[in-house]
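J.: Sequence order for the protein chains is A and B. Reading the first sequence from the start, the letters are residues 368 to 484 in this note's numbering. Reading the second sequence from the start, the letters are residues 4 to 118 in this note's numbering.
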Amino acid sequence: AQSVAQPEDQVNVAEGNPLTVKCTYSVSGNPYLFWYVQYPNRGLQFLLKYITGDNLVKGSYGFEAEFNKSQTSFHLKKPSALVSDSALYFCAVRGFAARTGANNLFFGTGTRLTVIP
Amino acid sequence: DGGITQSPKYLFRKEGQNVTLSCEQNLNHDAMYWYRQDPGQGLRLIYYSQIVNDFQKGDIAEGYSVSREKKESFPLTVTSAQKNPTAFYLCASRDTGRDGNQPQHFGDGTRLSIL
């Protein structure tokens, strides 16, 4: 069965410090991994994805993510946090759902990032 | 600008009433999706459609119905059978033509509440 775990409901970081939002996954076959960000009362915005290749993936707004196959992790990172990065972040994995017979996205429960000025 | 438009932004439902949430996209995407978002639960898939005139149940389809008569439109009806409809509903679409792993694009959601 496919699943995504985001072990931290809340992450606080000071402005200018590096940030990490954690994600681990479980999937049959090759993992296709995504990060999205959600601002209040808005939809999800795509940040980056890992399909294959380089384990360090660069995305929008200075974010990057590191794929680690042995640890089944895909942590989101940014070298220097901004107050405007404060939002809800979702990790997702694309996997085959036996019940529906299709490859769909499975989302984590989200991590709320607060960047403190 | 290309994108996904959901309307209305806020919707109130009375007991025993069906309501329909609109989702329109001008991205020329074949696949469309409906998710329900509840606090602390992430997104759960209600229905999805890979192509016009075809749709499939997701993980929590009970009490919901959809149609896909046009490529651009994928309306969701929340029926009176859905006993706990209060949630934030998100529509998404995806380009399935280029490769199998294009990201989903989301609308800005409809917040449904019970009167």
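We treat Cβ as the ideally placed atom computed from N, Cα and C, and that holds for glycine.
Using only CA atoms, which one of Gln-9/B, Ile-117/B, Thr-80/B and Gln-107/B lies nearest to Leu-411/A?
T.: Gln-107/B
J.: Can you list, in chain order, the residues of its chain whose CB lies under 8 Å from that of Ala-459/A, leaving out five sequence neighbours each side?
T.: Val-371, Leu-400, Phe-401, Trp-402, Tyr-403, Leu-472, Phe-473, Phe-474 and Gly-475
J.: Using the three-state DSSP reduction, which class does Ser-52/B fall into: helix, strand or coil?
T.: strand
J.: Report the option in Asn-435/A, Val-380/A and Tyr-428/A whose CA atom is closest to the CA atom of Pro-398/A.
T.: Asn-435/A
J.: Please decide whether Leu-93/B counts as near chain A, where near means a Cβ-Cβ distance under 7 Å.
T.: Nearest CB-CB separation between Leu-93/B and chain A: below the 7 Å threshold.
J.: Alpha carbon to alpha carbon, how far is Thr-8/B from Asp-111/B? Give it in angstroms, no decimals.
T.: 7 Å
J.: Report, in whole angstroms, the separation of the C-beta atoms of Leu-443/A and Ser-427/A, which I expect to be a contact under 8 Å.
T.: Wrong, their Cβ atoms sit about 11 Å apart, outside the cutoff.
J.: Ignore the nearest five residues each way along the sequence and tell me which others in Tyr-406/A's own chain have a CB closer than 6 Å to its CB.
T.: Closer than 6 Å at the Cβ level, and outside the excluded window around Tyr-406/A, lie Ala-454.
J.: Counting only C-beta atoms, is Tyr-428/A closer than 7 Å to chain B at any point?
T.: no
J.: For Val-388/A, report the span of its beta strand (DSSP E) as first-last.
T.: 386 to 388
J.: For Asp-111/B, go through chain A and note every residue whose CB falls closer than 7 Å to its CB, in chain order.
T.: Arg-409 and Gly-410
J.: With 16 other CB atoms within 10 Å as the buried threshold, where does Leu-480/A fall?
T.: Looking at its Cβ environment, which holds 16 or more other Cβ atoms inside 10 Å, Leu-480/A is buried.
J.: Give me the chain A residues within the contact set of Gln-107/B, using Cβ-Cβ distance strictly less than 7 Å, ordered along the chain.
T.: Leu-472
J.: In chain B, which residues lie less than 7 Å from Tyr-399/A when you measure between Cβ atoms?
T.: Asn-104
J.: Taking Val-22/B and Val-69/B to be in contact with their CB atoms under 8 Å, please state how far apart those CB atoms are, rounded to whole angstroms.
T.: Going by Cβ atoms, the distance from Val-22/B to Val-69/B rounds to 13 Å, so no, they are not a contact pair.
J.: Can you tell me which of the three DSSP states Tyr-428/A falls into?
T.: helix
J.: Considering Cα atoms alone, identify which of Leu-93/B, Lys-60/B, Gln-85/B and Gly-43/B is closest to Asn-470/A.
T.: Lys-60/B
J.: Can you check which of these residues, Ala-34/B, Pro-11/B and Tyr-13/B, is closest to Ser-96/B by C-alpha distance?
T.: Ala-34/B
J.: Between which two residues does the beta strand (DSSP E) carrying Ala-469/A extend?
T.: 469 to 474
J.: Near Leu-118/B, which residues of its chain fall below 7 Å by C-beta distance, leaving aside the five closest residues on each side in sequence?
T.: Phe-15, Arg-16 and Lys-17
J.: Quick check on Gly-486/A - is its C-beta less than 7 Å from some C-beta in chain B?
T.: Lying before the first or after the last residue shown, residue 486/A is absent from chain A, which here runs from 368 to 484.
J.: So which residues on chain B does Ala-469/A lean against when the C-beta distance must stay under 8 Å?
T.: Tyr-51, Gln-53 and Gln-59
J.: Output the distance between the C-alpha atoms of Tyr-38/B and Asp-452/A, rounded to the nearest integer angstrom.
T.: 24 Å
J.: Determine, using beta carbons only, whether Gly-45/B comes closer than 7 Å to chain A.
T.: yes
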